[in-house]
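So the mapping is simple: our numbering equals the position in the sequence shown, first residue as 1, plus 307.
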Amino acid sequence: MREAWKATNVADDIYWVGAIDWSIRDFHGYQTPRGSTYNAYLVLADKVTLIDTVKAPFKQEMLSRVASVVDPGSISYIISNHSEMDHSGCLPEVIEAVQPEKVFASTMGVKALSAHFHLDHEIVAVKDGETLSLGNRELSFVETRMLHWPDSMMTYLPGENVLFSQDGFGTHLASSERFADEIDEAILEWEAAKYFANILLPLSPLVTKALQKVEKLGITIDIAACDHGPIWRGDDVEKIVGLYGKWAAQKPTNKAVVAYDTMWGSTASMARAIAEGLTAGGASVQVMQLRACHRSDIVTEVLDAGALLVGSPNLNNNMFPTVADLLTYLKGLKPQNLVGAAFGSYGWNQAVVKQVAGILTEMKVDLVDEGLTAQYVPDNESLAQCYDLGVRVAERLKQVCSEA
Ligand code: FEO
């Protein structure tokens, strides 16, 4: 039978059989302007094995890609590296359709899949370091617990040296090209950074440990076959592994992010004056107004920054809702090693800037100022104070960078 969707050859007898989601623009609160892919892989061994599945609405696309190289009914094993529904959503229906001999997941994966789908089919638990014979090939499992769910694991295929890395090294990037070396490097790096910042940032210490674990295992990775976006091969593997090491370390740089919202333009004026001071002090600056910039882009800029300054006007004795949204999001993502400050305009209650400063303190941001305020509309003196604050933050940043 002719198939509308085709598999892509990744290496000898290994195929990409995932789905391209050209339309998704919001991935649980993370803005995805370039769409995404849900990658699944087929290993044509004696025991034909499917590694991960796709989001439920894309089941037909995945099975059609499988059918372009092999009868889906010949799949013997399914491996679930990660139970989040973008990779397991169609698993119950695929099990029903192909009737595999066995389905494997990590110990926590068995629990997570059961809690999601209440399946009748037994899921076999595999442990860290365990191997699975496919007849003429062998797979091994590397648990990456909490990267980024308790169930997460990776699967390694020696010979072709493919690491099926689930979310690790992923990008939300829909494309007709399947490999990183076919895609514009700048776009790729931005999307990989955005993925790390929005998904993996709070788990940075575990990322560092996982990279050390892989190094200790001494395995060669020629292909990093991730679950989103293009596949990394050749020199690109070393490159993305190096970037993960850098991002996870979160060493401060001389870049400052000024994120703010404004009601009548006063907090905006303060932000611009602060940015001038930061620039004069030698920092590189990104000024991001919250109704112009999405929270997921702001955290991407914060990923390689050394300073975070947050500005809010007072709205009904509370910070502006977009500022609360950003701070809630950022607090959960736990960026490290930041210096910063809070600022904002007010009419008759200065407490809001203290609220912002309080949250930044909870986030362990090293505050250079207790919170700079301006009443109603900042005059020249107020704006000069904003400029001075920028200079002071830039100076602290210089010091922090030299010590890092
Ligand atoms: Fe791509 Fe954590 O799911």
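Beta carbons are placed, not taken as given, at the ideal position from N, Cα and C, and that holds for glycine.
Since we're looking at a predicted model, the values are computed, not measured.
For Val592, the uninterrupted beta strand (DSSP E) run begins and ends at Ser591 to Gln596, by DSSP.
Contact annotation: Phe448 and Ala531 have beta-carbon atoms that are not nearer than 9 Å. Around the C-beta of Trp539, 16 or more other C-beta atoms lie within 10 Å, and the residue is accordingly described as buried. Here the alpha carbon of Thr414 sits roughly 17 Å from the alpha carbon of Asp427. Non-local beta-carbon contacts of Trp329 in its own chain, meaning distances under 8 Å to residues more than five positions away in sequence, involve Gly342 and Ala481 in chain order. Distances taken from the Cβ of His535 to the heavy atoms of the ligand FEO include one shorter than 8 Å. Each of Thr560, Lys558, Gln557 and Ala578 was checked against the Cα of Tyr567, and the nearest Cα belongs to Ala578. Annotated as distal: Ala347 and Asp320, with beta-carbon spacing of 9 Å or more.
In the three-state reduction of the DSSP assignment, Thr360 falls in the coil class, being assigned neither a helical nor a strand state. Note that the stretch 604 to 624 touches the stretch 648 to 658; at least 3 beta-carbon pairs, one per stretch, sit closer than 8 Å. By the Cβ neighbour-count rule, Lys562 is buried, with 16 or more other Cβ atoms within 10 Å of its own. Taking the CA atoms as reference points, Phe424 sits about 24 Å from Cys533. The chain-ordered list of residues whose CB is nearer than 5 Å to some heavy atom of the ligand FEO reads Glu391, Asp393 and Asp474. Per DSSP, Phe471 is one residue of the beta strand (DSSP E) stretching across Val469 to Gln473. Taken through DSSP and simplified to helix, strand or coil, Gln657 comes out as coil. The DSSP-derived three-state label of Arg444 is coil.
For Tyr348, there is no enclosing alpha helix (DSSP H); the residue is part of the beta strand (DSSP E) that begins and ends at Tyr348 to Val350. Collapsing the DSSP output to three states places Ser511 in a helix.
DSSP assignment within the stretch 362 to 418 yields the following whole alpha helix (DSSP H) runs of 4 residues or more, N-terminal first: 366 to 374, 392 to 395 and 398 to 405. For the set His335, Ala314 and Thr356, the Cα lying nearest the Cα of Glu391 is the one of His335. For Lys558, no alpha helix (DSSP H) encloses it, and the DSSP letter there is neither H nor E. The residue from Arg372, Val684 and Glu437 with its alpha-carbon nearest to that of Ser573 is Val684. Of the candidates Glu608, Thr560 and Leu510, the residue whose Cα lies closest to the Cα of Glu496 is Glu608. The straight-line gap separating the alpha-carbon atoms of Leu597 and Asp632 is approximately 10 Å. When rounded, the separation of the alpha-carbon atoms in Pro457 and Glu403 is 26 Å.
Boundaries of the beta strand (DSSP E) around Gly618: Ala614 to Gly618. Taking Pro628 as the centre and dropping the five residues before and after it, the same chain places no C-beta closer than 6 Å to its C-beta. Taking a contact to require three or more Cβ pairs closer than 8 Å, the stretch 353 to 363 and the stretch 377 to 390 qualify as touching.
Distance from Cys693 to Ile528 at the Cβ level is roughly 48 Å; contact not present, criterion being Cβ atoms closer than 8 Å. For the alpha helix (DSSP H) assignment, the uninterrupted runs of no fewer than 4 residues enclosed by the stretch 646 to 699 are, from N- to C-terminal side, 658 to 669. A residue is called buried when at least 16 other Cβ atoms come within 10 angstroms of its Cβ; Gln473 meets this threshold and is buried. Short of 6 Å from the beta carbon of Ala590, and not among the five residues preceding or following it, lie these beta carbons of its own chain, in chain order: Asn561, Ala563, Ala701 and Leu704.
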